[in-house]
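A.B. asks:
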Amino acid sequence: MRALLAGLIMASCIGGSAQGQTDHVNPWAPTELRKVLPIASLTEGVWLKGDLHNHSRHSKESSNNPEAKIISFAESVGMGYLCISDHDNHVNGDVAHNTWSDPEFKSNSVLLLYCAEWTTTRGHGTAISAVPYDHQKLYDVRDQRDIVVGAVKKELGIHLSANHPSGKDHFGYSYDMVDSIEVWNSAVWPKNANAIMIWDDMLSSGRKLTGRGGSDEHHGIPDTPDKATKNSYQATSNYVGTPTTWLFSKEKTSQAVVDALTNGRVSVSANPYAPRVEFYADLDQDGRMDMMMGDNAKSTGRPVKFRVQLTGNIAADTAYTIKVVKDGNPFMTLEAKGKTPTAEFTDTPIAIGRTYYRVEVTGPPTDYPQVPGSMKLSGNMIGLSNPIYFNFDPNF
Ligand SMILES: [Zn+2]
Ligand SMILES: [Zn+2]
C-alpha cells in the first residue's frame, strides 16, 4: 500500500502539481467500509401505493377539495397511504388544529400520515410523520440557520422531504437535513428534469436520499357546476395519484410506511394503475435476488446481476424501454416485454468508493380514467426506481 501511495505521489509530482503538497493525504478519501447495515427481507412486506403531496381546503388557494373528497378518491383507486400536506403558513404553523383535527381526517382503508407542506421564504418541504408531532416548532424556525432547523427536525423525529427542488420555491436549505426529495412533482413529467439532476448530484456526493413523487393537487371536481373555479380544469388532469409513489413496507402501519420511505424501498409510477417498477440485485450470482432499490451493500469487486421488473397492468405485446443510470450518467438502455416485463444486466461496482444504479422506464401510457387529462401530461413516462447502492457510508 505504502509503495503504491509513493508511486502515486511521484506521478503527481511529475504531473506538475504544486510543490509542498506531496505529503497531503485526504482524510475523506474513500476507504474500505467497515460494515453496512444488514439488508431487510425482500419478501416479508407489502407493496403500498399512495400520494405524498396533496392540498385540501386548509390550503387557501385550493378549491372544491375538502379532505373527505381527497380521501374517498384515494380509497377508490386503491391507495394504501396518503399525505395531506397543507401549506403550514396558511394557518401560521397550526396544522394540528386544522388539517389533522378536521372531522373528515379519517379512513378505514388508507393510512393517513401526519403531514404538512413547510412553506417558507427559502422554499418548500414536506414534513411526514406516522404520529402527530409539534409542527409549530418547525414552522417557527423556518428562517433560522440550517443548523438550528436541523436540530429541531431531529428533535421532532420526523421525515423531512425537499419539494419541487428546482424553479420557483426551490428547496433552499441544506440537503443534509432531508430524508427524501420530490423528483416527480405533478402529472407534468417533463418539468422534473432539473429535480432529477439535483437528485443525481446529491446521490453522487454520497447522500443516500430517497426519490419520491407528489401530485401537489389543489383542486377537486366541483359538486355543482356553479361551484367551478378557473382552476377546476386541473381536477381532471392532476389529482391524487399523478404520480403515485409505491413503497415496500414491512407491514401496513403508518410507521412502517414512513420507514420504507426513509429507507428508499420506493418507486414512482405515472398513476395508480401504471406498472410498478421493481429493481433488484443478485450479489453472488446464485440466481436469487439479495437486495432491492434503497438497499446498500458492500461491494466485493465481483460482478453483480441486476434485474428490473414491471408489475401490474401490462398490455399484451407492450415493449418498455429501460434507461439505466449509473452514478448520475446514462449507463445502458434495455428493452422489456411480455406478461411480466423483465430485463437484466451485469456490472461490477468498484471495490473502493461508491456506486449507485437506478432506472427510468418509458412506454405506452396506462389509462387513468378518473384523471384522463394526466396521461397526456406524463407522456410516455411510466415510472422510475430508487437506486441500488454500493459502499454508501451509513455513518455519512
Ligand atoms: Zn410547494
Ligand atoms: Zn404543494
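Heads up: the sequence shown at position 16 corresponds to 16 in full-length UniProt numbering, and the numbers run straight through without jumps. Idealized CB from N, CA, C, for every residue including glycine.
Quick one: using the 10 Å Cβ neighbour count with 16 as the cut-off for buried, is Trp28 buried or exposed?
C.D. replies: Your numbering for residue 28 matches position 28 in the sequence shown. Counting Cβ neighbours within 10 Å, Trp28 comes out exposed, since fewer than 16 surround it.
A.B. asks: Would you identify the three-state DSSP class for Thr236, choosing helix, strand or coil?
C.D. replies: Position 236 of the sequence shown, counted from the first residue, corresponds to residue 236. Thr236 falls in the helix class under three-state DSSP.
A.B. asks: Quick one: residues with CB closer than 6 Å to any heavy atom of ligand 2, in chain order, please.
C.D. replies: Ordered along the chain, the selected set is His53, His55, Glu117, Asp216.
A.B. asks: Could you check where the alpha helix (DSSP H) with Gly150 kicks off and where it finishes?
C.D. replies: Sequence index remark: in the sequence shown, residue 150 carries index 150 (1-based). Residues 146 to 156.
A.B. asks: Taking His55 as part of the alpha helix (DSSP H), name the residues at either end of that continuous run.
C.D. replies: Indexing the sequence shown from 1 puts residue 55 at position 55. It is not in any alpha helix (DSSP H) - His55 carries neither H nor E in the DSSP assignment.
A.B. asks: Are at least three pairs of beta-carbons, each pair with one atom in the segment 353 to 365 and one in the segment 321 to 329, less than 8 Å apart?
C.D. replies: Contact holds: three or more Cβ-Cβ distances are below 8 Å.
A.B. asks: Check Pro369 in the structure and name its three-state DSSP category.
C.D. replies: By one-based count along the sequence shown, residue 369 stands at place 369. Coil at Pro369, not helix or strand.
A.B. asks: Under a Cβ-count criterion, where at least 16 other Cβ atoms within 10 Å of its own Cβ denotes burial, should Thr210 be classed as buried or exposed?
C.D. replies: The count along the sequence shown starts at 1 and reaches residue 210 at position 210. Classification for Thr210: buried.
A.B. asks: In whole angstroms, what is the alpha-carbon distance linking Leu247 and Phe331?
C.D. replies: Residue mapping note: residue 247 aligns to position 247 of the sequence shown, counting from 1. Residue mapping note: residue 331 aligns to position 331 of the sequence shown, counting from 1. Rounded to the nearest angstrom, the two C-alpha atoms are 25 Å apart.
A.B. asks: According to DSSP, what are the bridge partners of Met381?
C.D. replies: As a working mapping, residue 381 is identified with position 381 in the sequence shown. DSSP, once it has assigned bridges, lists Thr362 as partnering Met381.
A.B. asks: Measure the beta-carbon distance from Ala162 to Tyr175 and round it to whole angstroms, keeping in mind my assumption that it falls under 8 Å.
C.D. replies: The sequence position of residue 162 within the sequence shown is 162, counting from 1. The sequence position of residue 175 within the sequence shown is 175, counting from 1. At roughly 7 Å, the Cβ-Cβ gap stays under 8 Å, so Ala162 and Tyr175 are in contact.
A.B. asks: Helix, strand or coil: which one does DSSP assign to Met10?
C.D. replies: On the sequence shown, position 10 is the one that residue 10 refers to. Because the pLDDT at Met10 is just 43, under 50, the model does not fix this residue reliably, and the value given afterwards should be weighed accordingly. Helix, per DSSP.
A.B. asks: Is the CB-CB distance between Gly312 and Asn271 below 7 Å?
C.D. replies: The sequence position of residue 312 within the sequence shown is 312, counting from 1. The sequence position of residue 271 within the sequence shown is 271, counting from 1. Contact flag unset, no.
A.B. asks: Going by alpha carbons, who is nearest to Ile126 out of Arg145, Ser107, Asp169?
C.D. replies: In the sequence shown, residue 126 corresponds to position 126, counting from 1. The displayed chain sequence assigns Thr, not Ile, to residue 126. It is Asp169 whose Cα lies nearest to the Cα of Thr126.
A.B. asks: Considering only heavy atoms of ligand 1, does any lie closer than 6 Å to the CB of Asn163?
C.D. replies: Taking the first residue of the sequence shown as 1, we reach residue 163 at position 163. The answer is yes for Asn163.
A.B. asks: From Asp102 to Ala68, what distance separates their C-alpha atoms?
C.D. replies: In the sequence shown, residue 102 corresponds to position 102, counting from 1. In the sequence shown, residue 68 corresponds to position 68, counting from 1. Roughly 10 Å between the two C-alpha positions.
A.B. asks: Cα separation between Met291 and Val268?
C.D. replies: Residue mapping note: residue 291 aligns to position 291 of the sequence shown, counting from 1. Residue mapping note: residue 268 aligns to position 268 of the sequence shown, counting from 1. About 18 Å.
A.B. asks: Could you check what DSSP says for Asn296 in three-state terms: helix, strand or coil?
C.D. replies: Start at 1 with the first residue of the sequence shown, and residue 296 comes out as number 296. If DSSP states are grouped into helix, strand and coil, Asn296 belongs with the strands.
A.B. asks: Can you grab the Cα-Cα spacing for the pair Arg57 / Pro275, in whole Å?
C.D. replies: On the sequence shown, position 57 is the one that residue 57 refers to. On the sequence shown, position 275 is the one that residue 275 refers to. Looking at the two C-alpha atoms, the distance is approximately 31 Å.
A.B. asks: Please name the residue in Thr22, Leu37, Pro225, Asn26 whose C-alpha comes closest to that of Phe392.
C.D. replies: Walking along the sequence shown from the start, residue 392 turns up at place 392. That would be Leu37, whose Cα lies nearest to the Cα of Phe392.
A.B. asks: Are Asp286 and Ile39 close, meaning C-beta to C-beta below 7 Å?
C.D. replies: To locate residue 286, count along the sequence shown from 1; it is residue 286. To locate residue 39, count along the sequence shown from 1; it is residue 39. Taking 7 Å as the Cβ cut-off, Asp286 and Ile39 do not qualify as a contacting pair.
A.B. asks: Any heavy atom of ligand 1 closer than 6 Å to the Cβ of Asp88?
C.D. replies: The residue you call residue 88 lines up with position 88 of the sequence shown. No, the Cβ of Asp88 stays beyond 6 Å of every heavy atom of ligand 1.
A.B. asks: For a test of your reading of the model: does the CB of His124 fall under 6 Å from any non-hydrogen atom of ligand 3? Yes or no.
C.D. replies: Ligand 3 is absent from the structure shown, which contains only ligand 1 and ligand 2.
A.B. asks: Going by beta carbon distance, what residues of the same chain come within less than 6 Å of Leu5, once the five residues before and after it are set aside?
C.D. replies: Within the sequence shown, residue 5 is the residue found at index 5, counting from 1. Reliability fails at Leu5, whose pLDDT of 44 lies under 50, so the model's placement of it is uncertain and no value is given.
A.B. asks: Can you tell me which of the three DSSP states Pro330 falls into?
C.D. replies: As a working mapping, residue 330 is identified with position 330 in the sequence shown. Here Pro330 sits in strand by DSSP.
A.B. asks: Quick test of the definition: if touching needs 3 or more C-beta pairs under 8 Å, does the segment 253 to 269 touch the segment 85 to 93?
C.D. replies: Touching, no.
A.B. asks: Since Glu182 contacts His55 with CB under 8 Å, what's their CB separation in whole angstroms?
C.D. replies: Here residue 182 refers to the residue found at position 182 when the sequence shown is read from its first residue. Here residue 55 refers to the residue found at position 55 when the sequence shown is read from its first residue. About 14 Å; that fails the 8 Å criterion.
A.B. asks: To the nearest angstrom, report how far apart Gly172 and Ile147 are at their CA atoms.
C.D. replies: Residue 172 sits at position 172 when you count from the first residue of the sequence shown. Residue 147 sits at position 147 when you count from the first residue of the sequence shown. About 14 Å.
A.B. asks: Under 7 Å Cβ to Cβ from Gly93, same chain only, skipping five residues before and after it: list those, please.
C.D. replies: For the purposes of this step, residue 93 is identified with residue 93 of the sequence shown, where counting begins at 1. Closer than 7 Å at Cβ, skipping near neighbours: His135, Gln136, Tyr139, Asp140.
A.B. asks: Give a single yes or no on whether Asp51 has its beta carbon closer than 6 Å to a heavy atom of ligand 1.
C.D. replies: Taking the sequence shown and counting its residues from 1, the one referred to as residue 51 is at position 51. Outside the cutoff, so no.
A.B. asks: With distance defined between alpha-carbon atoms, name the residue in Ser204, Ala260, Lys153 nearest to Phe396.
C.D. replies: Position 396 of the sequence shown, counting from 1, holds the residue named residue 396. Phe396 has its Cα closest to that of Ser204, out of Ser204, Ala260, Lys153.
A.B. asks: Taking the beta strand (DSSP E) that Glu182 falls in, what are its first and last residues?
C.D. replies: Here the question's residue 182 lines up with position 182 in the sequence shown. Taken as a continuous stretch (DSSP letters only), the beta strand (DSSP E) holding Glu182 covers 180 to 185.
A.B. asks: Could you have a look at Leu209 and say whether DSSP puts it in helix, strand or coil?
C.D. replies: Along the sequence shown, one-based indexing puts residue 209 at 209. Coil at Leu209, not helix or strand.
A.B. asks: Let me know if Gly213 comes out buried or exposed under the rule of 16 or more other beta-carbons within 10 Å of its beta-carbon.
C.D. replies: Here residue 213 is taken as the residue at index 213 of the sequence shown, counted from 1. Buried is the call here.
A.B. asks: I want to know whether the segment 343 to 358 touches the segment 296 to 308 - three or more CB-CB distances under 8 Å.
C.D. replies: Contact holds: three or more Cβ-Cβ distances are below 8 Å.
A.B. asks: Is it the case that the CB of Asp290 approaches a heavy atom of ligand 1 more closely than 6 Å?
C.D. replies: What you label residue 290 is simply residue 290 of the sequence shown in a count that begins at 1. False, no ligand heavy atom lies under 6 Å from that Cβ.
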